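A.B. asks:
Shown next as structure tokens:
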């Protein structure tokens, strides 16, 4: 259930991403650029009410720090097909397990960093 909640939070946050070369948000030693990319695009296209360019851009900025390009493309598919996240999470493949650990850490960081957008 907690994982599903994190996915929803990331999906909501990602659906609002967008923009390039926009301001940075500084949180102590952490600075996140508002970026564009596969997660921000998926975030904006998901059609959620809370999605906006700042939120999705923030989430993409966190993704740029925490996830590889391939990981970002996989995570972006969760917006179109949330069940895919569950399939990946429950998969027996070692690569999916490695991805899921990185994704959970990314989701937690994105939630904390991008809260308030």
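Residue numbers (this note's numbering): 428 to 544. Don't be surprised by glycine CBs; every beta carbon is placed ideally from N, CA and C. Note that the structure is predicted; figures quoted are calculated from it, not measured.
Which same chain residues end up closer than 6 Å to residue 531 when comparing Cβ atoms and leaving out the 5 residues on each side of it in sequence?
C.D. replies: Excluding sequence neighbours, residue 531 sits near nothing in its chain.
A.B. asks: Between which two residues does the alpha helix (DSSP H) harbouring residue 528 extend?
C.D. replies: Note, residue 528: alpha helix (DSSP H), 521-541.
A.B. asks: Could you check the C-alpha separation between residue 495 and residue 475 for me, to the nearest Å?
C.D. replies: Between residue 495 and residue 475, the C-alpha separation is close to 25 Å.
A.B. asks: Within this structure, are the beta carbons of residue 511 and residue 465 separated by less than 9 Å?
C.D. replies: No, they are not a contact pair.
A.B. asks: Where residue 484 and residue 523 are concerned, what is the direct C-alpha to C-alpha distance, given to the nearest angstrom?
C.D. replies: Near 25 Å, if we compare the C-alpha coordinates of residue 523 and residue 484.
A.B. asks: Let me check understanding here. Comparing Cα to Cα, which of 462, 497, 507 lies closest to residue 469?
C.D. replies: Here the closest residue by C-alpha is 507.
A.B. asks: Can you tell me whether residue 534 is buried or exposed? The criterion is at least 16 other CB atoms within 10 Å of its CB, across all chains shown.
C.D. replies: Under this definition residue 534 is a buried residue.
A.B. asks: Could you check the C-alpha separation between residue 473 and residue 503 for me, to the nearest Å?
C.D. replies: So the alpha carbons of these two residues sit roughly 10 Å apart.
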